[in-house]
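In this text, residue positions in the sequence shown follow UniProt numbering: the first is 1, and each later residue adds one. A quick write-up on the structure given underneath.
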Amino acid sequence: MYAQWPYHLADCQRDHAPTQWEVLKIPHTLLMMSQDAQPSALVALPIELVLLIIAYADPVDRLFLALTCKNMLAISSIEPITIPSAPRHRADHLNCSAMLAIMHAIHPRGTRGRPNKSWALCCVCYRYRPKKQKYWQRKEKRPAKDDVSCGLLANYDTVVENWSHRGSTSYQCPECWCEERINTYGHLRPKPGA
Numbered sequence: 001m002y003a004q005w006p007y008h009l010a011d012c013q014r015d016h017a018p019t020q021w022e023v024l025k026i027p028h029t030l031l032m033m034s035q036d037a038q039p040s041a042l043v044a045l046p047i048e049l050v051l052l053i054i055a056y057a058d059p060v061d062r063l064f065l066a067l068t069c070k071n072m073l074a075i076s077s078i079e080p081i082t083i084p085s086a087p088r089h090r091a092d093h094l095n096c097s098a099m100l101a102i103m104h105a106i107h108p109r110g111t112r113g114r115p116n117k118s119w120a121l122c123c124v125c126y127r128y129r130p131k132k133q134k135y136w137q138r139k140e141k142r143p144a145k146d147d148v149s150c151g152l153l154a155n156y157d158t159v160v161e162n163w164s165h166r167g168s169t170s171y172q173c174p175e176c177w178c179e180e181r182i183n184t185y186g187h188l189r190p191k192p193g194a
């Protein structure tokens with residue numbers, strides 16, 4: 001996966017930038033927090049040299065350098081980092097391998113730094129979504145009864161079960177599955193009062 005990043009990013013930048021890319025937003029409160037002394041030799045360099053190093057890195061490497069520690073985040077905020085935007089990719093329903101590569105690299109972590117298995121990446125909305133069945137079975141997450149009774153979303157429980165299964169290969173979260181079904185087959189719903 002990592003060896004393909006330059007190609008994925010080049011494709012994404014060529015096909016989707018600048019409309020699908022945006023500047024990395026760093027909250028000022030995070031920059032104002034105290035910064036512990038870092039033993040890293042890179043952070044010990046003068047800021048000008050670190051900025052030159054960052055300038056030679058590609059966008060994803062700049063992002064990962066910025067996310068290594070608060071000092072690097074503060075230094076990276078001097079020169080804006082432009083990265084693929086998940087919300088913009090989501091809005092246009094793009095199938096972008098660069099976006100997926102970035103999302104796979106920043107998987108949610110548990111308390112010991114290991115990948116948290118209770119979250120899975122949805123390849124449609126580019127978000128990490130909960131895998132727990134209880135989350136998707138709650139009343140506000142369930143589809144409308146009309147859509148289920150007419151057969152449009154009759155397999156919702158099966159989709160949730162597949163998404164929640166530990167070894168699941170499901171690439172689409174239940175919410176995106178519902179949205180896709182409604183967009184594709186919604187015109188087949190019986191008309192009210194018919």
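Every residue gets a Cβ at the ideal spot worked out from N, C-alpha and C, and that includes glycine.
Own chain partners of residue i with C-beta closer than 8 Å, once the 5 adjacent residues on each side are dropped
{"i": "Cys173", "result": "Ala120, Cys122, Val124, Cys125, Arg127, Arg129 and Trp163"}
{"i": "Gln4", "result": "Legend: pLDDT at Gln4 = 48, less than 50; position of this residue unreliable, no value from coordinates given."}
{"i": "Met99", "result": "Cys12, Pro84, Ala86, His89 and Tyr126"}
{"i": "Ser168", "result": "Ala120, Lys131 and Asn162"}
{"i": "Ile47", "result": "Ile75 and Ile78"}
Cβ shell of residue i (< 6 Å), same chain only, five flanking positions each side left out
{"i": "Ala105", "result": "none"}
{"i": "Val43", "result": "Asn71"}
{"i": "Arg62", "result": "Ile54 and Ile81"}
{"i": "Ser170", "result": "Asn162 and Trp163"}
Own chain residues within Cβ distance below 7 Å of residue i, not counting five before or after
{"i": "Ile78", "result": "Leu51"}
{"i": "Asn116", "result": "Pro108, Arg109 and Gly110"}
{"i": "Tyr185", "result": "Leu152"}
{"i": "Tyr2", "result": "Any reading at Tyr2 needs caution, since the residue's pLDDT is 45, under 50, leaving its predicted position unreliable; the model's value is listed next. Cβ within range, chain order: n/a, list empty."}
{"i": "Met103", "result": "Leu121 and Tyr126"}
Backbone secondary structure at residue i - three-state DSSP
{"i": "Cys122", "result": "strand"}
{"i": "Gly186", "result": "helix"}
{"i": "residue 203", "result": "This structure gives no information on residue 203, because the portion of the chain shown stretches from 1 to 194."}
{"i": "Tyr128", "result": "strand"}
{"i": "Ile78", "result": "coil"}
{"i": "Pro84", "result": "strand"}
{"i": "Arg181", "result": "helix"}
{"i": "Pro46", "result": "coil"}
{"i": "Arg14", "result": "helix"}
{"i": "Arg62", "result": "helix"}
{"i": "Pro143", "result": "coil"}
{"i": "Pro115", "result": "strand"}
Nearest to residue i (by Cα), restricted to the options the options
{"i": "His165", "options": "Arg14, Ser76 and Lys132", "result": "Lys132"}
{"i": "Ala55", "options": "Ser76, Leu67 and Leu45", "result": "Ser76"}
{"i": "Pro143", "options": "Glu180, Ser168, Gly113 and Tyr171", "result": "Glu180"}
Distance between beta carbons of residue j and residue i, contact taken as under 8 Å
{"i": "Thr82", "j": "Val23", "result": "6 Å"}
{"i": "Ala57", "j": "Leu65", "result": "6 Å"}
{"i": "Cys178", "j": "Leu153", "result": "6 Å"}
{"i": "Val159", "j": "Gln137", "result": "Actually they do not touch by this definition, with Cβ atoms about 12 Å apart."}
Interface flag, residue i vs chain C, CB-CB below 8 Å
{"i": "Glu48", "result": "Judged by its chain identifiers, the structure shown contains no chain C, having just a single protein chain."}
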